[in-house]
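Asker:
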Amino acid sequence: MDNKMRELSGGITAVPGFLASGVYAGIKKVDKKDLALIFSERPCSAAMTITANEIKGAPLLINQKHIKKGAGQAIIANSGNANTCTGKQGLRDAEEMAILTAKALKVKFHLVYVASTGVIGEPLPMEKIRKGISDAALSLRRDGGRDAAEAMMTTDTFLKEKAVQINVGGKTITIGGIAKGSGMIYPNMATMLSFITTDAKIATADLRSALKDAVNKSFNMISVDGDMSTSDMALCLANGMSGIKVKKGSEGFMIFQEALTYLCTQLAKMIVKDGEGATKFVEIKVKGARNFNDAKKIGMAIANSNLV
């Protein structure tokens, strides 16, 4: 890690202006948190990368519409049910989750993103989720990042969060992240959710570029069992509250890019270490390749080989 960067506790809520919560809505049969809410006190620039699977969960179809505006302010995420392969009803349910969250937080509908992870093919228990969203909104706290991370877990055995702070022009920018993922992990955003927050003041196009690069060098470089999921994504919200402008091509952007990639890499490594049935953590280093893409192809071929 670069000496301009230092780690913090608190995950997503280490970032000024962000609150979060995690509650038990009753989606899971056991009494464990299963509904997470992340909220920024002001509208944010937003960037997203999603699964490459041709079959996408209903929440992602809603999010693809919302991300076109390049803005966001809240994320509502449930575990225990993926809301995938649920037809038109699944789309209506995902949309209702966004509508209810927007009303509870008094924000615009298109600023809310939805995520679901868990069992495929079963309808969401919307009666429980409706109450859960209300409870989650009332439970928002400035130190609620850990609860949100816990509420995202499915087969995960430990929660995954990280936060870093960087110095740009004598001032600080904070980046926080949480993730879930354990089984069915393969590149191109497979079976994992990651939500990232920052107080950097950055244009949507530049944030999109930074997130894409960070994801390609982290989450899209890992494999646990080679399966590709239908529901998962990385989403980054930047509320600009630091007041520090980060523009592509500047030194500040390079520092921000490095920190974002570091944070995503640390979260990705946590996912691999928590792989279902995993007893080993292996890093593959490729030397002498013509370029990054060639090195990646070689590395992933080795990682996914049944002979290894």
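Just so we're aligned, residue 53 is where the sequence shown starts under this note's numbering, counting upward by one. Don't be surprised by glycine CBs; every beta carbon is placed ideally from N, CA and C.
Taking the continuous beta strand (DSSP E) assigned at lysine 223, which residues delimit it?
Answerer: Looking at the DSSP string, the run of the beta strand (DSSP E) that includes lysine 223 is 223-232.
Asker: At which residues does the beta strand (DSSP E) containing tyrosine 165 begin and terminate?
Answerer: 164-171 is the span of the beta strand (DSSP E), which, as asked, contains tyrosine 165.
Asker: Would you call the CB atoms of isoleucine 64 and glycine 229 closer than 8 angstroms?
Answerer: Yes, these two residues count as a Cβ contact at 8 angstroms.
Asker: For alanine 286, which three-state DSSP category applies?
Answerer: Looking at alanine 286 - three-state DSSP - the assignment turns out to be strand.
Asker: So the beta strand (DSSP E) proline 95 belongs to, where does it begin and stop?
Answerer: Start and end: 87-102.
Asker: Where asparagine 219 and alanine 252 are concerned, what is the direct C-alpha to C-alpha distance, given to the nearest angstrom?
Answerer: Going from the Cα of asparagine 219 to the Cα of alanine 252 covers about 11 angstroms.
Asker: Spell out the partners DSSP gives asparagine 219 in its beta bridges.
Answerer: Asparagine 219 is bridged to Thr224.
Asker: Going by Cα to Cα distance, which pick from Ile114, Val298 and Ile90 is closest to lysine 223?
Answerer: For the residues Ile114, Val298 and Ile90, the minimum Cα distance to lysine 223 belongs to Val298.
Asker: Is there contact here, the stretch 186-197 with the stretch 109-123, by at least three beta-carbon pairs under 8 angstroms?
Answerer: With a cut-off of 8 angstroms, the stretch 109-123 and the stretch 186-197 do not count as touching, because too few Cβ pairs lie within range.
Asker: Would you check if there are 3 or more beta carbon pairs closer than 8 angstroms linking the stretch 120-138 to the stretch 152-169?
Answerer: In short, these stretches touch, since the Cβ pair count reaches three.
Asker: For phenylalanine 247, which residues does DSSP report across the bridge?
Answerer: According to DSSP, which records beta bridges pairwise, phenylalanine 247 is partnered with Ile230 and Leu287.
Asker: Which residue from Lys84, Ile79, Glu93 and Ala99 puts its Cα closest to that of serine 6?
Answerer: Here the chain covers residues 53 to 360 and nothing more, so residue 6 does not appear.
Asker: Out of curiosity, what's the CA-to-CA distance linking glutamate 213 and leucine 71?
Answerer: Those two C-alpha atoms are separated by around 15 angstroms.
Asker: Tell me the residue span of the alpha helix (DSSP H) that contains leucine 60.
Answerer: Note, leucine 60: premise wrong, no alpha helix (DSSP H); beta strand (DSSP E) at 57-60.
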